[in-house]
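Chemist:
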Amino acid sequence: MSRPPAPPPEPAVPAEEPDSRPDSAVGDITLHRPRAVLVVAGIVAAEATALLVAAAWYGYQLFSGSPVLSFWGAVFTLGLMLAFSAWLYATAVFLSRGYRWTRAAALVAQLFVLVIGFPSISGGVVIPGLLMVIPAIIATLLLFSSKVIGFATRTGNPAPTL
Numbered sequence: 017m018s019r020p021p022a023p024p025p026e027p028a029v030p031a032e033e034p035d036s037r038p039d040s041a042v043g044d045i046t047l048h049r050p051r052a053v054l055v056v057a058g059i060v061a062a063e064a065t066a067l068l069v070a071a072a073w074y075g076y077q078l079f080s081g082s083p084v085l086s087f088w089g090a091v092f093t094l095g096l097m098l099a100f101s102a103w104l105y106a107t108a109v110f111l112s113r114g115y116r117w118t119r120a121a122a123l124v125a126q127l128f129v130l131v132i133g134f135p136s137i138s139g140g141v142v143i144p145g146l147l148m149v150i151p152a153i154i155a156t157l158l159l160f161s162s163k164v165i166g167f168a169t170r171t172g173n174p175a176p177t178l
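Note that the working numbering gives residue 139 to position 123 of the sequence shown, counting from 1, and the numbers run on in steps of one.
(1) Kindly confirm or deny that the stretch 149 to 162 and the stretch 118 to 127 touch, where touching means at least three C-beta pairs closer than 8 Å.
(2) For the candidate residues Thr169, Ala64, Pro151, whose alpha-carbon lies nearest to that of Ala99?
(3) Locate the alpha helix (DSSP H) running through Ser112, then write down its first and last residues.
(4) Give every residue of the same chain whose Cβ lies closer than 8 Å to the Cβ of Ile132, excluding the five residues on either side of it in the sequence, and list them in chain order.
(5) Is Arg116 buried or exposed, if buried means 16 or more other CB atoms sit within 10 Å of its CB?
(6) Do Val53 and Leu127 have their beta-carbon atoms positioned less than 9 Å apart in this structure?
(7) Taking just the CA atoms, how far does Ala71 sit from Ile143?
(8) Starting from Val69 and walking both ways along the alpha helix (DSSP H), at which residues does that stretch end?
(9) With a threshold of 6 Å on Cβ separation, who are the neighbours of Gly145 within its own chain once the five nearest residues in sequence on each side are excluded?
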């Protein structure tokens, strides 16, 4: 003879919304999200937005009849711009949550920006070059700060995996 299933016991403490708190809970340890993480995530999100705007402008120019050497090459470039923008948005979101892989992704993005920004400055396009280089340098320096490293590489009692 079998018994009917019993409902799960009620929790003693009401659960809070996990995204409503600025802190991340790992096991019994509560870690505060450093302000530097939010600054870097904001810089990466701003770069993603700028790239998305540039992709929109590029797409408008492409489909409004601007001359190009290879139409499908230009469509491929537009696709790369959109994919890279989505990657940057994902990096910003998951960096603010403290995922480990995002530090490397954000660093690679900052190096790409620096590779474009410094030649822009030396080529005479000073203001846009500075608008690229200064945030990239700030984000790169903050990515190597001890608080960001500690937040993004914390260990604790992770959820069991298969």
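Using N, Cα and C, we set each Cβ at its ideal position, and we do this for glycine too.
Modeler: Looking at the atomic coordinates:
(1) yes
(2) Ala64
(3) Going by DSSP, Ser112 is part of the alpha helix (DSSP H) stretching over 87 to 113.
(4) Met148
(5) Counting of Cβ neighbours within 10 angstroms places Arg116 among the exposed residues, the total staying below 16.
(6) no
(7) 20 Å
(8) 51 to 79 is the extent of the alpha helix (DSSP H) around Val69.
(9) Gly133, Ser136, Ile137
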